[in-house]
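Asker: Numbers given in this note's numbering equal positions in the sequence shown, counted from 1, plus 19.
We put the CB at the ideal spot given by N, CA and C, even for glycine.
Note that the structure is predicted; figures quoted are calculated from it, not measured.
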Amino acid sequence: MSGGRVWGSAERGLFAVSLVAMGAALAFFPSADRARAAERRGSSSGVFVSEMNDVQRVKVTINKSRTFRVDTAFSTIVAGSPDVVDVKSLSDHLIYVQGKKTGTTNVILFDSSMKQIGILDVEVTLDIGNLQQNIASGTGTRGIRVSASEGQVVLSGMAADAVAAERALTIAKGSVPEGGIVVNAMSVAAPQQVMLEVRFLEVARTAGRDLGVNLMAANANGTNIANSGLGGTTAVGRTPIGGINSLNTVPTSGVSRALSTSSTPVGANPAGSLPVLGTLNTLIGTAGGVAPAPFGSLLTSILRTGNGSSVDLLITALETKGLARRLAEPNLTTLSGDAARFLAGGEFPVPIPSNTTSGFPTVTIEYKKFGVELAFVPTVLSRGVINLRVEPSVSELDFANAISIQGTTVPSLSRRDARTTVELRDGQSFAIAGLLQTRNRQDVSQLPWIGSVPVIGSLFSSKSYQQEETDLVIIVTPRLVAPAAPGQQLASPLDSRLPANDVDFFLNGQMEVRKRYDDYVNSGGEVKGPYGHIIAPDAVVRAPPPAVGANQPVVKTLN
20 MSGGRVWGSA ERGLFAVSLV AMGAALAFFP SADRARAAER RGSSSGVFVS EMNDVQRVKV
80 TINKSRTFRV DTAFSTIVAG SPDVVDVKSL SDHLIYVQGK KTGTTNVILF DSSMKQIGIL
140 DVEVTLDIGN LQQNIASGTG TRGIRVSASE GQVVLSGMAA DAVAAERALT IAKGSVPEGG
200 IVVNAMSVAA PQQVMLEVRF LEVARTAGRD LGVNLMAANA NGTNIANSGL GGTTAVGRTP
260 IGGINSLNTV PTSGVSRALS TSSTPVGANP AGSLPVLGTL NTLIGTAGGV APAPFGSLLT
320 SILRTGNGSS VDLLITALET KGLARRLAEP NLTTLSGDAA RFLAGGEFPV PIPSNTTSGF
380 PTVTIEYKKF GVELAFVPTV LSRGVINLRV EPSVSELDFA NAISIQGTTV PSLSRRDART
440 TVELRDGQSF AIAGLLQTRN RQDVSQLPWI GSVPVIGSLF SSKSYQQEET DLVIIVTPRL
500 VAPAAPGQQL ASPLDSRLPA NDVDFFLNGQ MEVRKRYDDY VNSGGEVKGP YGHIIAPDAV
560 VRAPPPAVGA NQPVVKTLN
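This is the structure we're talking about:
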């Protein structure tokens, strides 16, 4: 028979053994096309060699190990990245793989004749199951899902609130090795909004003395009591620990005030006086010409022991005397965890000279911000506590320290700013104070010509020096807010004001007047509010007898 071959029993046995070995190897390294993965080669003795090129992908948890059994015996193992995995051969059919750090690598197996028999693509991942359990127990919610890929941890799903989302991020960042990335893809079920009420005040440092208010100061144990009046202070001797001296508002000598003993406990506020503020040296200075302390010390003490109405009353009194001015009163609302920014001021151009590559000089303009600026990031924690990162800043142009750039005068900036993080509850306030600024001013008055003559001119001129110290006080109050209902009308400052008519403008000099509602309604204005008839079913109403055949309820209409 031409072209044919007769297989003997020995040859048929070798062929069967080769097929069994090939099938065992294919069982461990699966492929979409196993026929192409195994190349069959024949020899003169009829022995076939199986060569595997399949790739099998496996995952190993970091700092944990797995074992893999290979049906075909191997003699050599090659790891692509020993820093990612640690590979050992327990036998010629068993592989030990331990994850060392997150990443991917491959492991190649060779037989005794250095023929490649398989490839393992190993991905070392984090312990997702353990991390999922820690997040569920730490946040109290099971709506957050955890997944990992290429060294990144992805948090997805629904968090109960911003606190749970922030806590899940903290737990995940603590579980990720150094250099790992945590991706926040979570959504919050009920996002909370925070409105920040901020008041920027610039107050003269001598405001308390110039205003003429009576201050009472005491330390923690009720001693070192003193009071201040208009123009100075009067010290008082040591008092018993069980009580303090209250303040009598009847003037005796014009600058001091009489003191009368009371049984008010330490820390309580006597009737008709300001709260106990602190030591005298801290608040108002001592007698004998020592300059008073910053106004912020007084204000922060009132915030600590008093209430909001006391602060508003004090600020209004200072504004009436011309000792304080409000720089800005922004109200900003943002979501918990998001940043908000406010600027009341402007930008001024600063020319920056430079040279191009060709050597020609050019001037570029860069704008710098100035004015009252505020940036804050609120985070609502558990039980209504608000974590607040706030950065207030007040700056103004300073032409006294200006510089000249190619003939252009560029002013400098006089800047006062602060950066702090506090935690407080809804409606509580805190103050940032002590940002002092000193201005020196010299006024010269003289007769024309004669006052400029040397030596003799000093007889016909006068000079005055004035030093003005101001204290920047920033009062911050966060509040938890919710949006208004759809269609709900919100009040505005113009609701109670009207443009002035000719009589009010020319005779009274008024730009706007308060609304006279009878004239306002008669002129066609709208009055917002509930309207219509009021139905009172419980009222006793005399009604005419119903018509024959009618059976209708009696309804009273109140006009």
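1) Compare the Cα-Cα distances from P397 to each of T86, V165, S110 and V213 and report the closest residue.
2) Below 8 Å on the Cβ atoms is my guess for V399 versus V182; work out the distance and round it to an integer in Å.
3) Between the segment 424 to 431 and the segment 364 to 378, can you find at least three pairs of beta-carbon atoms closer than 8 Å?
4) Give the single residue among M133, I493, A167 and R76 whose Cα lies nearest to the Cα of V97.
5) Between F418, F379, T86 and A179, which has its C-alpha nearest S401's C-alpha?
6) Does the beta-carbon distance from A191 to I154 come in below 9 Å?
7) Using 10 angstroms around the beta-carbon of I493, count the other beta-carbons present and answer buried if the total reaches 16, otherwise exposed.
8) For R444, I'd like the list of residues in its chain whose CB is within less than 8 Å of its CB, leaving aside the five on either flank, ordered along the chain.
9) Do the segment 125 to 145 and the segment 92 to 108 meet, that is, are 3 or more Cβ pairs less than 8 Å apart?
10) Would you mind stating whether F361 and L351 have Cβ atoms separated by less than 9 Å?
11) Check each candidate in G137, V116 and T489 and name the one with the smallest Cα separation from L337.
12) Cα separation between T91 and T160?
13) Can you give the beta carbon distance from I424 to P372, rounded, assuming they're within the 8 Å contact cut?
14) Pop quiz: R164 and G176 are said to be a contact at Cβ under 8 Å. What is the actual Cβ separation, rounded to whole angstroms?
15) Are the CB atoms of L407 and P497 within a distance shorter than 9 Å?
16) Please classify L220: is it buried, with 16 or more other beta-carbons within 10 angstroms of its beta-carbon, or exposed?
17) Tell me which same chain residues have a C-beta within less than 6 Å of the C-beta of T457, skipping the five on either side of it?
18) Would you mind sorting I81 into buried or exposed? The rule is 16 or more other CB atoms within 10 Å of its CB.
19) Drop a sphere of 10 angstroms on the beta-carbon of D357, count the other beta-carbons inside from all chains shown, and report buried for 16 or more, exposed for fewer.
20) Is L491 buried or exposed, if buried means 16 or more other CB atoms sit within 10 Å of its CB?
21) Whose C-alpha, out of S448, A450 and V413, is nearest the C-alpha of D436?
22) Using the C-alpha atoms, what's the distance from P196 back to T121?
23) Label T439 either buried or exposed according to how many other C-beta atoms from any shown protein chain fall within 10 Å of its C-beta, with 16 as the threshold for buried.
24) Out of S166, P467, N459 and S464, point me to the one whose CA is closest to Y484's CA.
25) Quick one: what does DSSP say Q151 is sitting in, helix, strand or coil?
26) Tell me the residue span of the beta strand (DSSP E) that contains E197.
27) Which one of G199, L174 and R345 has the shortest CA to CA distance from A223?
28) Suppose you measure from the CA of P518 to the CA of S448; what does that come to, to the nearest Å?
29) The alpha helix (DSSP H) that contains D462, what's its start and end?
30) At the level of alpha carbons, what is the spacing between K388 and E442?
31) Since F479 is in the beta strand (DSSP E), which residue starts that stretch and which ends it?
32) DSSP has G122 in a bridge; who is on the other side?
33) When you compare the CB positions of V172 and L145, do they come within less than 9 Å of one another, or not?
34) If you run the structure through DSSP and keep just helix, strand and coil, what is D490?
35) Suppose only complete runs of 3+ residues qualify. What are the beta strand (DSSP E) ranges in the segment 368 to 413, listed by chain order?
Answerer: Concretely, from the data shown:
1) Here residue 397 refers to the residue found at position 378 of the sequence shown. Considering only alpha carbons, the answer is V213.
2) Residue 399 sits at position 380 when you count from the first residue of the sequence shown. Residue 182 sits at position 163 when you count from the first residue of the sequence shown. That pair is a contact at about 7 Å.
3) The segment 364 to 378 is in contact with the segment 424 to 431.
4) The residue you call residue 97 lines up with position 78 of the sequence shown. Checked all of M133, I493, A167 and R76; the closest Cα to V97 is M133.
5) By 1-based counting over the sequence shown, the position of residue 401 is 382. When only C-alpha atoms are compared, the closest one is A179.
6) One-based indexing of the sequence shown puts residue 191 at position 172. One-based indexing of the sequence shown puts residue 154 at position 135. Yes, Cβ-Cβ distance for A191 and I154 is below 9 Å.
7) The sequence position of residue 493 within the sequence shown is 474, counting from 1. Buried.
8) What you label residue 444 is simply residue 425 of the sequence shown in a count that begins at 1. The beta carbon of R444 is closer than 8 Å to those of G403, V404 and I405 in its chain, skipping five residues each way along the sequence.
9) Judged by Cβ distances under 8 Å, the segment 125 to 145 makes contact with the segment 92 to 108, as three or more pairs qualify.
10) Residue numbering aside, residue 361 sits at position 342 when the sequence shown is read from its first letter. Residue numbering aside, residue 351 sits at position 332 when the sequence shown is read from its first letter. Yes, these two residues count as a Cβ contact at 9 Å.
11) The count along the sequence shown starts at 1 and reaches residue 337 at position 318. It is T489.
12) Start at 1 with the first residue of the sequence shown, and residue 91 comes out as number 72. Start at 1 with the first residue of the sequence shown, and residue 160 comes out as number 141. Cα to Cα, T91 sits roughly 48 Å from T160.
13) Within the sequence shown, numbered from 1, the residue matching residue 424 stands at position 405. Within the sequence shown, numbered from 1, the residue matching residue 372 stands at position 353. In this structure I424 touches P372 by the C-beta definition: roughly 7 Å separates them, less than 8 Å.
14) Locating residue 164 in the sequence shown gives position 145, where the first residue counts as 1. Locating residue 176 in the sequence shown gives position 157, where the first residue counts as 1. Rounded, the Cβ-Cβ distance is 4 Å, consistent with contact.
15) Numbered from its first residue, the sequence shown carries residue 497 at position 478. Numbered from its first residue, the sequence shown carries residue 407 at position 388. Yes, these two residues count as a Cβ contact at 9 Å.
16) Along the sequence shown, read from residue 1 onward, the residue named residue 220 stands at position 201. Buried, by the Cβ-count rule.
17) Taking the sequence shown and counting its residues from 1, the one referred to as residue 457 is at position 438. Closer than 6 Å at the Cβ level, and outside the excluded window around T457, lie E488.
18) As a position in the sequence shown, residue 81 is number 62, starting the count at 1. Looking at its Cβ environment, which holds 16 or more other Cβ atoms inside 10 Å, I81 is buried.
19) Walking along the sequence shown from the start, residue 357 turns up at place 338. With fewer than 16 other Cβ atoms within 10 Å, it is exposed.
20) As a first step, residue 491 must be located in the sequence shown, where it is residue number 472. L491 is buried by the Cβ-count criterion.
21) Sequence index remark: in the sequence shown, residue 436 carries index 417 (1-based). That would be V413, whose Cα lies nearest to the Cα of D436.
22) Looking up residue 121 in the sequence shown gives position 102. Looking up residue 196 in the sequence shown gives position 177. Cα to Cα, the separation comes out at about 8 Å.
23) As a first step, residue 439 is located in the sequence shown; it is residue number 420 there, counting from the start. Exposed, since its Cβ has fewer than 16 Cβ neighbours within 10 Å.
24) For the purposes of this step, residue 484 is identified with residue 465 of the sequence shown, where counting begins at 1. Of S166, P467, N459 and S464, the residue nearest in Cα terms is N459.
25) Taking the first residue of the sequence shown as 1, we reach residue 151 at position 132. DSSP, read as helix, strand or coil, puts Q151 in helix.
26) Numbered from 1 along the sequence shown, position 178 holds the residue referred to as residue 197. That residue, E197, is in no beta strand (DSSP E); it is neither H nor E in DSSP.
27) On the sequence shown, residue 223 is found 204 positions in, with the first residue counted as 1. Looking only at G199, L174 and R345, the smallest Cα-Cα distance to A223 is reached by R345.
28) The residue given as residue 518 occupies position 499 in the sequence shown. The residue given as residue 448 occupies position 429 in the sequence shown. Approximately 36 Å, taken between the alpha carbons.
29) Numbered from 1 along the sequence shown, position 443 holds the residue referred to as residue 462. From DSSP, D462 is part of no alpha helix (DSSP H) but of the beta strand (DSSP E) over F449 to Q465.
30) Here residue 388 corresponds to residue number 369 of the sequence shown, with the count starting at 1. Here residue 442 corresponds to residue number 423 of the sequence shown, with the count starting at 1. So the alpha carbons of these two residues sit roughly 29 Å apart.
31) Residue numbering aside, residue 479 sits at position 460 when the sequence shown is read from its first letter. Element bounds for F479: n/a, residue is neither H nor E.
32) Here the question's residue 122 lines up with position 103 in the sequence shown. DSSP lists V143 as partners of G122.
33) In the sequence shown, counting from the first residue as 1, residue 172 sits at position 153. In the sequence shown, counting from the first residue as 1, residue 145 sits at position 126. Against a cut-off of 9 Å, the Cβ pair of L145 and V172 comes out as a contact.
34) As a position in the sequence shown, residue 490 is number 471, starting the count at 1. Residue state, collapsed to three classes: strand.
35) 380 to 399
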